[in-house]
Every structure is written in structure tokens, then in C-alpha cells.
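What follows is a short report on a single structure.
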Amino acid sequence: MSGKFKAIIAGGGFGGLTAATALAQRGWSVTIYERQPELRAAGAGIYIWENGLRILDAIGANVVTPDSFRGLAMEQRGYDDGVLDVGDFPPSVRLITVTRKDLLAGLRAAAQKAGVDIRTSSEVIGAGADGDLHFTGAHIEKADLAIGADGVWSAVRRSLGLELFHQQTDEGALRTIIPGTPEDLGPDGQDKYIECWSGKRRFLITPLNDREIYLALTCQKTDLAAKKSPLDKESWKASFPRWTHLIDRTDQMLPWAPYSIVKVRSWSAGRTAIIGDAAHAQPPNLGQGGGMAMQSALALAVHLEGITDRRDIPDRLAIWEEKERPLAEHCQRWSCLYGEVSTLPDSMRAKVLTNAMADNWIRGEFLRAARSIPTGTGA
Ligand SMILES: Cc1cc2nc3c(=O)[nH]c(=O)nc-3n(C[C@H](O)[C@H](O)[C@H](O)COP(=O)(O)OP(=O)(O)OC[C@H]3O[C@@H](n4cnc5c(N)ncnc54)[C@H](O)[C@@H]3O)c2cc1C
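Here is the structure:
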């Protein structure tokens, strides 16, 4: 019976909230320490693939509404707006897009319903391997299990000495949500997401619902005109003239930021684990960073089911990592690989994308995580 066990979690993002809810639903007493004054998701929109949708169902998080956009394809277009790949998804693989705010709200509501104690304005500055989290003023909280779900700059990861490297990419994105409807993508753009390439710039168009479109504008760190905040609209319109009507609607943008790639020695030390970006941050090219954070979080709770002695926790964590890590790192690897395509000249990229995406094996590798059955979600 695990009712006596206590877990403390650094970070109330997608990974932390999923782990907290899944543990609380299995009888654990759980407290989240979040450094922001309120739970808040940085960013604009987010893609949730089939695997993520299964996890939300399993923990009872209501995020998807009839209003949420379900795209049936991710179409790739070249600099001349010609289609490079139609990018249809197999019918068994759903992809839904929502605002990050809505995803966080659904996860928070599920956590609160499960009885998770959420403490805000609580910054964790370190951790130990005995299930302990450290705060300013030499204050320490101890539990049977501690989890670092504290994102790319994880203090828990670093203080446990788990970090192998944390690299930032040369490519990065500006993001925003504009008013708009799926019709704004044109008569040939319905029911899909569209990613356009022009030089080393990318323009990703993601309807979220009948009122909002999420835009991600991607470029290299050396492209000073493209990175500018406020947005240099003329420069982006010159690269993507077909989408002038959307670029004109941009207002407040989240400033350009690179992506993080994190590699670690291990996902745990003693009775302290790390999950999500803290353990396997990756560029967003597969749209699976958040999915993998939720996947490893739910799996963690499942792997601890039935323990009767906290001395068994380190062994259970080792089994959890052995089972879950390969898929998270597969996504990381393929996401990095896809990022390399952005540095190719247009004509070469067109060839690479068209040929690669026509290959069933490559397509299967891109969709491996989406097609997986996450631990704890049943067959
Ligand atoms: C441009 C971009 C687009 C993306 N698009 C997608 C997508 O479409 N689909 C997808 O699945 N993923 C996507 N991702 C990845 C996804 O955002 C992350 O993988 C996901 O947010 C990781 O969740 P997390 O809970 O591990 O970390 P985070 O979401 O970063 O949450 C960490 C939490 O910990 C808190 N925290 C940090 N430090 C401390 C501390 N010291 N003490 C206490 N609290 C702390 C933070 O305030 C935050 O609330 C994208 C990423 C980027 C950069």
C-alpha cells in the first residue's frame, strides 16, 4: 500500500503536474514547489500527439474541447509555396493543437482534483539523493521521493551532478498567437498545419480553434533582421509573401529564443528523479518535448505502484528509466536531425524533404512516439 508515501516536486509545468496527479491518484501525498508566483505556461500554442492525448485521458485532464483544432496533415512547402510533402497522418494518429494556457489549466485542475498541494513563489535551489529539495535560507524539504521537473535549466539536475551537457541550438523561434480561423490557410490549406521554408527561415502555421492561429517564425541566431523584436514584418513578408495577411496581424511576439538539448548521466540519483526537459530537453521539430515530459511522468508513477518500502524506490527508478528513456532519446535524436534540414540550401532541402518523407521507414521513425502506447494508458 503506497498511501503512506510522500513526493515533493520542483516545478509545476506539464511534466511536474502530470507526475503529481498520477502519484496522487495512486495514494501518494504530493506537494509541488513552483518558483513563479502563479502556475504559468511560457509560450503560445502546443501540439499534442496521440500519445499525449492518451496520457491526458488517463489522468483525467480535460484539455481538448470540441473547439480544439485537429489537423490531419503537416504540409511542407518550399520557398515558392510549392508542396514538398503533403504530410498526411495515419488515421490512428490524432494530433490536436491548443494554447499552452489551456493545457496547463487542464493539468492544474486534474492535479487539484487529485489533492496535490501546489505552492507557488517557491524556488528550489538544489536537491540531494535522499528525496530532498533545497530552498534559500538553508531550508530543506524531505520526502520518500523528490522529482526535478524544473525545466531546461534544472537546479535539481545540476546539483545532483547528472548533467552531461546542455547545448543551445543555432536555430530558434519567435512565437505568437494571432486572431484567425482555419480558412486563413486558404482553400488548399484546410484541416492541416503548414510549414513553409525560405532560405534558413521557417514559417509554421498552426490553427488552434475557430478564433486563433499560432505562428512560429524560425531562423538562425545570425539572422539579425529575422530575430528582431518587435518583429521586422517587412523582412518576414519578403521571405513568405503568400502569408502577408497573417504576418500583418502579429502584435506581441515572444522574443527569439534558441532551443535546448540536454543529455544526462541518469534519470535519477537515489530517491530523486528528473523528468521532462530537465532530463531530455529537445528542439521542438517533432512536437514531442511536452509529450515526452508527460509520458515519463505518468510512467514514473506507474513504476512505483505497489511499493511497500521506500528503500525499493531507487531500483524502481532504474527500471522506469530503462523502459522509458529510449523513446525520449529517440525523439531527441530525430528532432535534432530534422533541425539540420533548415541549414540546407532551398533546392537541396526540397530534394531531401521530398525523398525522405516519401520513405515509409523515415515517416515511421518520426511518428514512433505518437504511435506508442504510453505506460499507464492501457492497450
Ligand atoms: C518553440 C518551442 C515549441 C515547442 N512546441 C512543442 C509542441 O508543440 N509539443 C510538445 O509536446 N512540446 C513542445 N515543446 C517542448 C515543451 O515546451 C517542453 O518539452 C515542455 O514544456 C517540458 O515540460 P517540463 O514540465 O519538463 O518543463 P517546463 O514546461 O519548462 O516547466 C518547468 C516548470 O518548473 C518551474 N521551475 C523552473 N525552475 C524552477 C526552480 N528552480 N524551482 C521551482 N520551479 C522551477 C518553471 O517555472 C516551470 O513552471 C516546444 C518547445 C519550444 C521551445
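With the UniProt record's numbering as the guide, the letters of the sequence shown map in order to residues 1 to 379. Glycine included, each C-beta is placed from N, C-alpha and C at the ideal position. All figures in this text were calculated on a predicted structure; none of them were measured in a lab.
Starting from Y338, follow the beta strand (DSSP E) in both directions and report where the run begins and ends.
-> Taken as a continuous stretch (DSSP letters only), Y338 belongs to no beta strand (DSSP E), being part of the alpha helix (DSSP H) at I313 to E340.
Alpha carbon to alpha carbon, what distance is there between I261 and L298?
-> C-alpha of L298 to C-alpha of I261: approximately 22 Å in a straight line.
Neighbour-count burial assignment, F5, 16 or more Cβ in a 10 Å radius | Counting the other Cβ atoms within 10 Å of the Cβ of F5 gives 16 or more, which makes it buried.
Who are the near neighbours of V152 in its chain, counting only those whose CB is closer than 8 Å to its CB and skipping five residues on each side?
-> Closer than 8 Å at the Cβ level, and outside the excluded window around V152, lie H166, S260, V262, D277, A278 and A281.
May I have the straight-line CA-CA distance separating Q288 from W49, to the nearest angstrom?
-> C-alpha of Q288 to C-alpha of W49: approximately 8 Å in a straight line.
Specify, as a first and last residue, the run of the alpha helix (DSSP H) that M348 falls within.
-> Unbroken alpha helix (DSSP H) run through M348: D346 to M357.
Kindly indicate which residue of L160, V30, E324 and G87 has the alpha-carbon position closest to the one of G126.
-> Among L160, V30, E324 and G87, the Cα nearest to that of G126 is on L160.
With L133 and L17 assumed to form a contact (beta carbons below 8 Å), what rounded beta-carbon distance in angstroms separates them?
-> Between L17 and L133 the Cβ distance is about 17 Å, and since that is not below 8 Å, they are no contact.
Who are the Cβ neighbours of A257 in its own chain at under 6 Å, not counting the five residues just before and after it?
-> Here the set comprises G172.
Using DSSP bridges, identify the partner residues of W49.
-> Paired residues: L95.
Tell whether a beta-carbon distance below 8 Å holds between A328 and S296.
-> In contact: A328 and S296 (Cβ atoms closer than 8 Å).
Which residues does DSSP pair with F203 in a beta bridge?
-> Its beta-bridge partners are C196 and L217.
If you follow the beta strand (DSSP E) that K142 is part of, which residue opens it and which one closes it?
-> Residues H139 to K142.
If you pair each beta-carbon of the region 112-129 with each one of the region 18-35, do three or more pairs fall below 8 Å?
-> They touch, by the three-pair rule.
Exposed or buried, what is E305 when buried is set at 16 or more other beta-carbons lying within 10 Å of its beta-carbon?
-> The C-beta of E305 has fewer than 16 other C-beta atoms within 10 Å across all chains shown, which makes the residue exposed.
Under three-state DSSP, which class holds M74?
-> Strand at M74.
What do you reckon, is the C-beta of A149 under 7 Å from a heavy atom of ligand 1?
-> Under cutoff, so the answer is yes.
Thinking I9 and I32 are a contact (beta carbons under 8 Å), I'd like their distance in whole angstroms, please.
-> Yes, they are in contact, since the Cβ atoms of I9 and I32 sit about 5 Å apart, within 8 Å.
Does DSSP classify I373 as helix, strand or coil?
-> In the structure shown, I373 sits in coil (DSSP, three-state: anything other than H, G, I, E or B).
Kindly list the residues whose CB is nearer than 7 Å to the CB of P241, restricted to its own chain and excluding five residues on each side of it in sequence; keep chain order.
-> For P241, there are no CB contacts under 7 Å within the same chain when 5 residues up- and downstream are skipped.
Whole-angstrom distance between G82 and P326, CA atom to CA atom | Between the C-alpha atoms of P326 and G82 there is a straight-line separation of about 36 Å.
Taking C-alpha atoms, which residue in I96, L231, K101 and A73 lies nearest to P90?
-> Of the candidates I96, L231, K101 and A73, the residue whose Cα lies closest to the Cα of P90 is A73.
Through-space distance from G180 to R211, alpha-carbon basis | Cα-Cα distance, rounded: 5 Å.
Would a C-beta distance cut-off of 8 Å place T218 and R201 closer than the cut-off?
-> Contact flag set, yes.
Span of the beta strand (DSSP E), counted from its first residue to its last, around L164 = That run of the beta strand (DSSP E) goes E163 to P179.
Three-state secondary structure (DSSP) of P255 = Of the three classes helix, strand and coil, the one that applies to P255 here is strand, per DSSP.
What is the C-beta distance between L103 and A41, in whole angstroms, given that I count them as a contact (C-beta under 8 Å)?
-> The distance from the Cβ of L103 to that of A41 is about 7 Å, consistent with a contact at the 8 Å cut-off.
Based on the DSSP secondary-structure assignment, which residues constitute the bridge partners of D132?
-> D132 pairs with G128 and K142.
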